[in-house]
Amino acid sequence: GVGGGQRARAACPAWDGRSAGASRPATGAMAMVRGTGRLQGEDHIIFLDKVRAGDGTLTRMYQFSMEVTGGPNGMRRLKGKMTTNLEQAKKDRDLCLKTLQQAEERMERSFATAALSNESSPNVSPKSTR
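Next up, the structure:
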């Protein structure tokens, strides 16, 4: 009925009930990229400088970004979320490096266990030909 649409819109926090146009969230102002690069003194952290077109406000964004071997094309890109907080980008980097280190340790333990298992297994004698 008629009230169904009102209930659906009222459940959306972006809708304030004033007009049909209010049902869409604001998209924000356009921004132009002014500069990008690797952050000096920080491994695997890139930055992106954005300038808002309306008032010229400069915002620096940070992101963890790293390439490792693997994936379908031989290289796999690992990256964190784009953020204005440098500490968050560092946390993303540290967590990823820790995860990669733990994965490498698991693989080494797995190979060592497999090697020990192969050494302790008895050889299978060939079938007798009668």
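Residue numbers (our numbering): 5 to 134. Note that the Cβ used here is the ideal one computed from N, Cα and C, for glycine as well. Quick caveat: nothing in here was measured; it's all calculated off a predicted structure.
Would you call the CB atoms of M70 and T87 closer than 8 Å?
Walking along the sequence shown from the start, residue 70 turns up at place 66. Walking along the sequence shown from the start, residue 87 turns up at place 83. In this structure, T87 does not lie closer than 8 Å to M70 by Cβ.
Which residue's Cα is closest to the Cα of K83: L104, G39, D96, T61?
Position 79 of the sequence shown, counted from the first residue, corresponds to residue 83. Comparing Cα positions, the closest option is D96.
Determine, using beta carbons only, whether I50 and G41 come nearer to each other than 8 Å.
Along the sequence shown, one-based indexing puts residue 50 at 46. Along the sequence shown, one-based indexing puts residue 41 at 37. Their beta carbons are under 8 Å apart, which means I50 touches G41 by this criterion.
In angstroms, rounded to a whole number, what distance separates the CA positions of P29 and G78?
Counting from 1 along the sequence shown, the entry for residue 29 is found at position 25. Counting from 1 along the sequence shown, the entry for residue 78 is found at position 74. For P29, the predicted structure reports a pLDDT of 42, less than 50, and the residue's modelled location is therefore unreliable. A value from the coordinates is still provided. So the two alpha carbons sit approximately 40 Å from each other.
Which of the three DSSP states, helix, strand or coil, is assigned to E46?
Here residue 46 is taken as the residue at index 42 of the sequence shown, counted from 1. Three-state result, E46: coil.
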